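Read top to bottom, the protein sequences are chains W and U.
Take the first sequence: its position 76, counted from the start at 1, is 76 in the numbering used here, and no numbers get skipped.
Take the second sequence: its position 323, counted from the start at 1, is 323 in the numbering used here, and no numbers get skipped.
Glycine included, C-beta positions come from ideal geometry on N, C-alpha and C.
Since the structure is predicted, the reported quantities are computational estimates derived from the model, not experimental observations.
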Amino acid sequence: MTGARPALRPDLAVIASHVRPGARVLDVGCGEGELMAVLRESGCDARGLEIDPVLVERCVARGLSVVQGDADRDLADYPDKAFDYAILSQTLQTAARPDRMLDDLLRVGRQAFVSFPNFAHWRTRAALMFGGRMPVTRSIPVTWYETQNIHHMTVTDFRELVSAMGVRCERAWYFTGTRPVGAAAANLLAEHAVFELSR
Amino acid sequence: MGSNPASSTFELPFPLPLDGGQTLANAVIAYESYGTLSAERDNAILLCHALTGDQFVASPHPLTGKPGWWERMVGPGKPIDTGRFHVICANIVGGCMGSTGPGSVGPDGKPYAMRFPVITIRDMVRASVALLDGLGIERLHAVVGGSMGGMQALSLAANFPERAERVLAIATTARHSAQNIAFHEVGRQAVMADPDWQGGDYYGSGRAPDKGLSVARMAAHITYLSEAGLTEKFGRNLQDRPDGSRGAKSFGFDADFQIESYLRYQGSGFTQRFDANSYLYITRAMDYFDLAEEHGGRLADAFAGTTARFCLVSFDSDWLYPTAESRHVVHALNAAGAPVSFVELSAPHGHDSFLLEHAALDRVVRGFIG
Numbered sequence: 001m002t003g004a005r006p007a008l009r010p011d012l013a014v015i016a017s018h019v020r021p022g023a024r025v026l027d028v029g030c031g032e033g034e035l036m037a038v039l040r041e042s043g044c045d046a047r048g049l050e051i052d053p054v055l056v057e058r059c060v061a062r063g064l065s066v067v068q069g070d071a072d073r074d075l076a077d078y079p080d081k082a083f084d085y086a087i088l089s090q091t092l093q094t095a096a097r098p099d100r101m102l103d104d105l106l107r108v109g110r111q112a113f114v115s116f117p118n119f120a121h122w123r124t125r126a127a128l129m130f131g132g133r134m135p136v137t138r139s140i141p142v143t144w145y146e147t148q149n150i151h152h153m154t155v156t157d158f159r160e161l162v163s164a165m166g167v168r169c170e171r172a173w174y175f176t177g178t179r180p181v182g183a184a185a186a187n188l189l190a191e192h193a194v195f196e197l198s199r
Numbered sequence: 001m002g003s004n005p006a007s008s009t010f011e012l013p014f015p016l017p018l019d020g021g022q023t024l025a026n027a028v029i030a031y032e033s034y035g036t037l038s039a040e041r042d043n044a045i046l047l048c049h050a051l052t053g054d055q056f057v058a059s060p061h062p063l064t065g066k067p068g069w070w071e072r073m074v075g076p077g078k079p080i081d082t083g084r085f086h087v088i089c090a091n092i093v094g095g096c097m098g099s100t101g102p103g104s105v106g107p108d109g110k111p112y113a114m115r116f117p118v119i120t121i122r123d124m125v126r127a128s129v130a131l132l133d134g135l136g137i138e139r140l141h142a143v144v145g146g147s148m149g150g151m152q153a154l155s156l157a158a159n160f161p162e163r164a165e166r167v168l169a170i171a172t173t174a175r176h177s178a179q180n181i182a183f184h185e186v187g188r189q190a191v192m193a194d195p196d197w198q199g200g201d202y203y204g205s206g207r208a209p210d211k212g213l214s215v216a217r218m219a220a221h222i223t224y225l226s227e228a229g230l231t232e233k234f235g236r237n238l239q240d241r242p243d244g245s246r247g248a249k250s251f252g253f254d255a256d257f258q259i260e261s262y263l264r265y266q267g268s269g270f271t272q273r274f275d276a277n278s279y280l281y282i283t284r285a286m287d288y289f290d291l292a293e294e295h296g297g298r299l300a301d302a303f304a305g306t307t308a309r310f311c312l313v314s315f316d317s318d319w320l321y322p323t324a325e326s327r328h329v330v331h332a333l334n335a336a337g338a339p340v341s342f343v344e345l346s347a348p349h350g351h352d353s354f355l356l357e358h359a360a361l362d363r364v365v366r367g368f369i370g
């Protein structure tokens, strides 16, 4: 490795800065392990779950502990409260049943961080309203028929789901690109949201 | 069979206690080593070989002259880099390449043959650990193995949790399934049905159960391949006939199909380098392997005391030890809180994929060994 590490995606940066140093962390859908690598530097015991074998292989090559598996199925195999934090970044919208995945997330972790693209962002709304087509934007960059996102949701939807599930929302962060957005207009103005949850 | 001048040997300073209740006195372990042991003795990697493997992992086989069985993986600058690590590979106890096995001479001056005690995977590991003690290696940088070698790596982690920092188990399982046992039984019965087996007392008789052992090897070899790999390599292609006619059926029982002649070749080559009784004992050891059973029935308990990092690798075309077997181990390690990585690699060649060219496997091994 040479040069500076590329900046973390804004949702990952928020999560990284709010995970307690030394904590036990499960990163669900960990990709190449960018977040895990940062967490490891702060003394965390970070584990990953990733469906793509090529990404798992890259993680293993970085010395990270990552299990190849499908979060929809394999989260069930993790023991209760095995982790201080369970993290689901940009993956909830790909889950077969997002509500069940949240349940499992808060079963294996005492707390959870969840980040997702907000489908109610004004750009998405405008694309749908004026284009009449499923939007392809910088936060939802793939055409409807080839996207892995099968459950698009909005900030408001998520808040409602969480409250219906009896899950406590500890904190939330909203972004347009890398710029933070206030909570009040988040459903319209945020491209991404990050929630810290607990039971 | 028996002594092997190309290997170093180590005589265990104590009778080896065996799971079967007996002990094995004056057991000798033959081993090869590569690379230099550091002054701190902290760069050793124990490589565990598979059923029909041996200690010649990265050097020519003294009987066949063929390259070592993992020459592509082990060597200077290779994924298991002998420029950095001191790699030790021992012939398992019960084997036939210089370690004490059924072909070795017992205390009464005659070959053990079937008087050799039945051994287990854990017994093999005990012997390897005794060898490490003899070499003054307290803690391994890693223990690495594929197939039966992977069983040994897992067994070492479970039974000697302080002895290895990293455990890499490839294309393996924590227990032998009924199907695994069934295939092994076919092989053993083939050996024992050969009249030249003579109840195992064939040493010095001028006859050996080569036909039976060759059939055993043929049956086992099929389990190491995949249907897709076989179809790709052989299909239903016909063999050139000895009389020069090409691709013609003989309407007899010669090796008409290329796959038949390939298996016959595999079978006959095997008898030149392997002892039939060793084959019986080693397959038995694998059949008895059930790591959970040794630890009260719960596999996670087998790994309760471990501080090692684990990596498991399976291949999607391996039906001998399919991915589900590796996942089973991964779940147990997760339940035990052990740091574990797992990846299922895509490969067309079935169980044998771990021995063949596979760039992703190389990257995983290199990355995990560190």
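Given that residue i touches chain U, what residues does it touch there, using C-beta distances under 9 Å?
i	result
Ser42(W)	Correct list: empty, because the minimum Cβ distance to chain U is about 17 Å.
Tyr78(W)	His331, Asn334 and Ala335
Ala23(W)	Those do not exist, as Ala23(W) stays about 14 Å from chain U at its closest Cβ, beyond 9 Å.
Ala112(W)	By Cβ distance, chain U contributes nothing, its closest Cβ being about 18 Å from Ala112(W), past 9 Å.
State the DSSP-derived secondary structure class of residue i, mapped to helix, strand or coil.
i	result
Asp256(U)	coil
Ser3(U)	Residue placement at Ser3(U) cannot be trusted, given a pLDDT of 46 that sits under 50; the coordinates are not used to answer.
Lys78(U)	coil
Ile51(W)	coil
Gly20(U)	coil
His428(U)	The question about residue 428(U) has no answer here: the residues shown for chain U are numbered 1 through 370.
Tyr145(W)	coil
Ile119(U)	coil
Asp243(U)	coil
Phe83(W)	strand
Glu160(W)	helix
Gln93(W)	helix
Arg139(U)	coil
Arg366(U)	helix
Ser59(U)	coil
Thr223(U)	helix
Asn325(U)	The question names Asn, yet the displayed sequence has Glu at residue 325(U). Here Glu325(U) sits in helix by DSSP.
Arg199(W)	coil
Given a cut-off of 8 Å, decide if residue j and residue i are closer than it, judged by their beta-carbon atoms.
i	j	result
Leu24(U)	Pro13(U)	no
Val87(U)	Leu140(U)	no
Phe274(U)	Leu320(U)	no
Asn118(W)	Val67(W)	no
Gly94(U)	Ile119(U)	yes
Asn91(U)	Arg122(U)	no
Asp201(U)	Ala113(U)	yes
Glu357(U)	Pro53(W)	no
Tyr85(W)	Ala23(W)	yes
Ala336(U)	Thr306(U)	yes
Gln93(W)	Met165(W)	no
Ala171(U)	Asp318(U)	yes
When burial is assigned at 16 or more other CB atoms within 10 Å of the CB, is residue i buried or exposed?
i	result
Arg199(W)	exposed
Ser38(U)	exposed
Thr231(U)	exposed
Gln148(W)	exposed
Phe144(W)	Before going further, note that residue 144(W) is Trp rather than Phe in the sequence given. That one is exposed.
Thr100(U)	buried
Val142(W)	exposed
Gln179(U)	exposed
Phe253(U)	exposed
Lys211(U)	buried
Gly350(U)	buried
Glu185(U)	exposed
Ile369(U)	buried
Asp240(U)	exposed
Leu39(W)	buried
Gly20(U)	exposed
Along chain U, which residues have their Cβ under 8 Å away from the Cβ of residue i?
i	result
Pro53(W)	Val343, Glu344, Leu345, Ser346 and Ala360
Val56(W)	Ser341, Phe342 and Val343
Who are the neighbours of residue i on chain W, taking C-beta pairs under 8 Å?
i	result
Cys48(U)	Those do not exist, as Cys48(U) stays about 20 Å from chain W at its closest Cβ, beyond 8 Å.
Pro339(U)	Asp45, Arg47 and Ser65
Along chain W, in chain order, which residues have C-beta atoms closer than 9 Å to that of residue i?
i	result
Arg366(U)	Ala61
Cys311(U)	Val60 and Ser65
Arg363(U)	Glu57, Arg58, Val60 and Ala61
Which bits of chain W does residue i rub up against, with CB to CB less than 7 Å?
i	result
Gly370(U)	Gly63
Show which residues of chain U have a CB atom less than 7 Å away from the CB atom of residue i.
i	result
Gln68(W)	Phe342, Val343 and Glu344
Exercise for the section: Entirely within the segment 164–208 of chain U and at least 4 residues each: give me those alpha helix (DSSP H) ranges in chain order. Expected result: The segment 164–208 of chain U is shown to contain whole alpha helix (DSSP H) runs of 4 or more residues at 178–193, in chain order.
Handout entry: Length at least 4, wholly inside the segment 246–322 of chain U: the alpha helix (DSSP H) runs in chain order
Key = Listed in chain order, the alpha helix (DSSP H) runs fully inside the segment 246–322 of chain U are 258–273, 276–288 and 299–302, counting runs of at least 4 residues.
Problem - Ranges of the beta strand (DSSP E) found wholly within the segment 11–79 of chain W, counting only runs of at least 3 - result: Entirely contained in the segment 11–79 of chain W, the beta strand (DSSP E) runs reaching 3 residues are, in chain order, 24–28, 45–50 and 65–68.
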